[in-house]
Amino acid sequence: MKAKNTDLVSLFEQALSGVPEQKLEEIGIVVRVGDGICKVHGLANAVYGELIKFDGGNQGIVMQLDEDSVSIFLLGPIPVAELEVAKRTGSDFKIPVGDNLIGRVINALGHPIDGLGDIEASELRSIEAVIPGVIERSPVNESLETGILAIDALVPIGKGQRELIIGNRNTGKTSIAVDTILHQRGKDVVCIYVAIGQRQANLSRLIRLLDENGALDYTIVLAAEAGEAVLNQYIAPYAGCTIGEYFRDQGHDVLIVYDDLSNHSVAFREMSLLLRRSPGREAFPGDVFYLHSRLLERAGKLAKGGSITALPIVQIQSDDITAYIPTNLISITDGQIFLDTKSFNQGVRPAINAELSVSRVGGAAQTKAIKKMTRALKLELAQYHELLDFAQFGTELDDVSKRRLARGARAIELLKQPQYVTYSFVDQSLMLFLLKEHFLDNQEIRYTNLFATQFVSYVRSVYPDLHRIIAQTEEINDPTYAKLIDIAKEFGKLFAPSENM
Amino acid sequence: MSISLQAELCEKYAQAYLNILGDSLTLSDAENFLRAYQFLHAHHKITFFLKLSALDDQVKTKQLKLLCEKFELPESVDAIVQLLLAQKRASLFEHVLYRISTLFKERAGIHDFVIQSAVALSEQEKGQIEKFLARKTGQDNIYTYHVDTRLIAGVRLRSQTLLWEHSIAQQLRQLELSLVAKGN
Chain W
943 MKAKNTDLVS
953 LFEQALSGVP
963 EQKLEEIGIV
973 VRVGDGICKV
983 HGLANAVYGE
993 LIKFDGGNQG
1003 IVMQLDEDSV
1013 SIFLLGPIPV
1023 AELEVAKRTG
1033 SDFKIPVGDN
1043 LIGRVINALG
1053 HPIDGLGDIE
1063 ASELRSIEAV
1073 IPGVIERSPV
1083 NESLETGILA
1093 IDALVPIGKG
1103 QRELIIGNRN
1113 TGKTSIAVDT
1123 ILHQRGKDVV
1133 CIYVAIGQRQ
1143 ANLSRLIRLL
1153 DENGALDYTI
1163 VLAAEAGEAV
1173 LNQYIAPYAG
1183 CTIGEYFRDQ
1193 GHDVLIVYDD
1203 LSNHSVAFRE
1213 MSLLLRRSPG
1223 REAFPGDVFY
1233 LHSRLLERAG
1243 KLAKGGSITA
1253 LPIVQIQSDD
1263 ITAYIPTNLI
1273 SITDGQIFLD
1283 TKSFNQGVRP
1293 AINAELSVSR
1303 VGGAAQTKAI
1313 KKMTRALKLE
1323 LAQYHELLDF
1333 AQFGTELDDV
1343 SKRRLARGAR
1353 AIELLKQPQY
1363 VTYSFVDQSL
1373 MLFLLKEHFL
1383 DNQEIRYTNL
1393 FATQFVSYVR
1403 SVYPDLHRII
1413 AQTEEINDPT
1423 YAKLIDIAKE
1433 FGKLFAPSEN
1443 M
Chain Y
-13 MSISLQAELC
-3 EKYAQAYLNI
7 LGDSLTLSDA
17 ENFLRAYQFL
27 HAHHKITFFL
37 KLSALDDQVK
47 TKQLKLLCEK
57 FELPESVDAI
67 VQLLLAQKRA
77 SLFEHVLYRI
87 STLFKERAGI
97 HDFVIQSAVA
107 LSEQEKGQIE
117 KFLARKTGQD
127 NIYTYHVDTR
137 LIAGVRLRSQ
147 TLLWEHSIAQ
157 QLRQLELSLV
167 AKGN
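Just so you know, the protein sequences line up as chains W and Y, in that order.
Residue 943 is where the first sequence starts when you use our numbering, and the numbers rise one by one after that.
Residue -13 is where the second sequence starts when you use our numbering, and the numbers rise one by one after that.
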């Protein structure tokens, strides 16, 4: 092991040269320690959420005040001994925030864990902040592109929205969040990925992926892994949100992913049970709703500029969205993206269930170009799924129904998208244009995506002005629309798929 | 009886005593309570005898009254002695005395300061420290002095709820923590 060059003598001299404070410190005595929690006698004036420092070097947060003692959850692994002195700090738990956090991987305390050295923070902020009031907020009316066609077309997300990503395990929840982060490159959106109770291997893979795709240039990863103290997992999303608020207050748009809040609520349940609070439904304490509502209410768009868009993730068991935590989160958020195991196993990826997914902000957060192309898409997909169920009985179908089935199948095919590949809103509107104007109807289903992507390339390379106009105006007006019809006809004649494509 | 239940019961007896008869108590009474507790704590046999059910209550009363006289405890203590005997909890007497003393001081805001120093302090130094603590707490407190060479140099002033320390040992401890935090 290489010893670091530290001049202990000068450090000690420096410490001794300090003038002692004239203030008496308020202290308490540890009377019981165990399971990451300790009971302290004394600290009569301690307040809920206050940071407490122990003589042995550990720190903790006051989580319960009793008649003659306080219960403190410990932040670090440093052992705390019985009869150890615990000191009040007089302030609640704060984390360092600043521009230098971008590109770094930190823990729930704001300390770097990427081995790239110390982070110089601009300021310290309390992890529990005052939620912006109604006067300070502005309506969600600006699109936050995810680059995922199925989401931007069916469940558009706006800046300042809270959109829940919900699904069974291994249905691509994190992939959607990661693709959305990757798509924010060059869009002046600061991304924060908060990993709660994740496996280290998964987290390491994700960090490598973000790095390889250049996403760490605008992303902060905050991780409270599964092996960390339960308190760290509990405070991680609040810490992430605090960092987001710093950037929001500077006028930036922020995208924050909480992956996932199931683990967060489990951590909170563990803490509550250790504090001997009464367990309620699914053994969660009574205030578990408030746990997430006060977190997600911090997202939003401010009238003075800046926004926080939250993408909380929640895992469910056997497609049961009626479990306690998912229903809570559904009611708190402005919509949900429901990922279907059945669709996932059928190769529909992203496996978004169009019927159960919803965005309560809806068209207000969609660019005009995409809005124009997707007016009837959700209805068509619903009709398709209904007909598909009916057709499974072997019923003979009329021509209209057969056409609807064929069209629905192509729509599903078009909405399939490889992982880590995202589309701009212009590309998306061009693809949806093909579907809307029935240009895909004559193509074989397996060539649907190929036709659409090659059409987009064709427009971009042969008609760059048209592509640029749509990008600038965010709209497809009537003359442009007419021109696009001509271009699509022209491309239809040129398109020749080969078997090995 | 579990330790926590015992502590809870003692707390309740002490609270009840102070609620009814606390107004007549003085700081010197509280100190006498503490001395009596220290004596009982050092002589476990007395508490053991109080636990014996075979021993007559009159003998126990006589023994406890003698103790009260010896340590000049107020007459009002007789009420709590009778109550403990009637409820077969005479063995709690020792801890009830301690809680009465500490609770009285807590309620009166009086701190029991233990002043540790690396070398014995002069009377002038003691006066300075007592003046400093009286100014900070807003009243006179109880001071006990100890020499603790582990401080290396400096002083440590500590009560149940307050602490002030300026010593070499403290500086070294802080230096160690900051170096560990930085990973040195």
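Each residue gets a CB set at the ideal place from its N, CA and C atoms; glycine is no exception.
Here the structure is a predicted model, which is why all the values come from computation and not from measurement.
With a threshold of 7 angstroms on Cβ separation, who are the neighbours of residue i within its own chain once the five nearest residues in sequence on each side are excluded?
i: Ala1351/W; result: Ile1387
i: Ile86/Y; result: Ala0, Tyr3, Leu4 and Phe19
i: Glu1297/W; result: Ala1324 and His1327
i: Leu1043/W; result: Ile1061, Ile1162 and Ile1185
i: Lys944/W; result: Any answer about Lys944/W is weak, because its pLDDT of 46 lies below 50 and its placement is not dependable; what the coordinates show is given next. Once the five neighbours on either side are set aside, Lys944/W has no close Cβ partner at all.
i: Gln1126/W; result: Cys1133, Tyr1160 and Leu1197
i: Lys122/Y; result: none
Per DSSP, residue i forms a beta bridge with which residues?
i: Arg1067/W; result: Ile1037/W
i: Ile971/W; result: His983/W and Val1027/W
i: Ser1371/W; result: Ser1371/W is not bridged to any residue.
i: Val1049/W; result: For clarity, residue 1049/W is Asn in the given sequence; the question names Val instead. According to DSSP, Asn1049/W bridges with Ala1165/W.
i: Val105/Y; result: DSSP lists no partner for Val105/Y.
i: Val1131/W; result: Asp1195/W
i: Lys91/Y; result: Answer is none; Lys91/Y lacks a bridge partner.
i: Arg1104/W; result: Ala1252/W
i: Phe996/W; result: Ala1028/W
i: Asp15/Y; result: BP columns for Asp15/Y are empty, so no partner.
i: Pro1054/W; result: Ile1048/W
i: Gln1142/W; result: None; Gln1142/W has no bridge partner.
Would residue i and residue j qualify as a contact pair, given that the criterion is a beta-carbon distance under 8 angstroms?
i: Leu1106/W; j: Leu1197/W; result: no
i: Lys889/W; j: Val1082/W; result: The shown model of chain W, from 943 to 1443, leaves out residue 889/W, and the question about it has no answer.
i: Ile1118/W; j: Tyr1135/W; result: no
i: Asp1476/W; j: Val1398/W; result: Shown here, chain W extends from 943 to 1443; a query on residue 1476/W therefore has no answer.
i: Val1022/W; j: Val1097/W; result: no
i: Leu1271/W; j: Val1256/W; result: yes
i: Leu1091/W; j: Asp1034/W; result: no
i: Pro1268/W; j: Ile1108/W; result: yes
i: Asn1049/W; j: Asn1174/W; result: yes
Could you tell me which of the options sits nearest to residue i, measuring between CA atoms?
i: Leu1392/W; options: Gln1359/W, Val975/W and Ile1429/W; result: Gln1359/W
i: His104/Y; options: His81/Y, Ser145/Y and His152/Y; result: A small fix is needed here, since residue 104/Y is Ala in this sequence, not His. Checking every option, the nearest Cα to that of Ala104/Y belongs to His152/Y.
i: Leu11/Y; options: Gln49/Y, His29/Y, Tyr84/Y and Phe90/Y; result: Phe90/Y
i: Phe1332/W; options: Leu1382/W, Leu1347/W and Ser1033/W; result: Leu1347/W
i: Phe1433/W; options: Gly1018/W, Tyr1423/W and Val1404/W; result: Val1404/W
i: Gly124/Y; options: Glu(-6)/Y, Leu137/Y, Phe25/Y and Ala94/Y; result: Ala94/Y
i: Ile128/Y; options: Leu59/Y, Glu61/Y, Glu92/Y and Thr135/Y; result: Glu92/Y
i: Phe1210/W; options: Ala1171/W, Tyr1188/W and Leu1238/W; result: Ala1171/W
i: Ala1252/W; options: Ile1258/W, Arg1240/W and Tyr1266/W; result: Arg1240/W
i: Ala1245/W; options: Val1076/W, Leu1017/W, Glu1417/W and Gly1018/W; result: Val1076/W
On the three-state DSSP scale, how would you describe residue i?
i: Val1082/W; result: coil
i: Glu1024/W; result: coil
i: Tyr1160/W; result: coil
i: Gln156/Y; result: helix
i: Phe99/Y; result: strand
i: His132/Y; result: strand
i: Asp43/Y; result: helix
i: Val989/W; result: coil
i: Tyr1405/W; result: coil
i: Ala899/W; result: Past the edges of chain W, shown from 943 to 1443, lies residue 899/W, and the structure says nothing about it.
i: Ile1279/W; result: strand
i: Arg144/Y; result: strand
i: Leu70/Y; result: helix
i: Glu58/Y; result: coil
i: Tyr1389/W; result: helix
i: Gly1002/W; result: strand
i: Phe1015/W; result: strand
i: Ser959/W; result: helix
i: Asp1201/W; result: strand
Go through its chain and collect everything with a Cβ distance to residue i's Cβ below 8 angstroms, but skip five positions before and after it.
i: Asp997/W; result: Glu1026, Val1027, Ala1028 and Lys1029
i: Asp1010/W; result: His983
i: Ala1063/W; result: Pro1038, Val1039, Gly1040, Asn1042, Leu1043 and Gly1052
i: Gly1169/W; result: Gln1142
Please return the same chain residues whose Cβ sits closer than 6 angstroms to the Cβ of residue i, not counting the five positions on each side in sequence.
i: Gln956/W; result: none
i: Gln1006/W; result: Ser1013 and Leu1217
i: Ser1214/W; result: Pro1227
i: Thr1113/W; result: Leu1281, Thr1283, Phe1286 and Ala1293
i: Leu1382/W; result: Arg1352, Leu1376 and Thr1390
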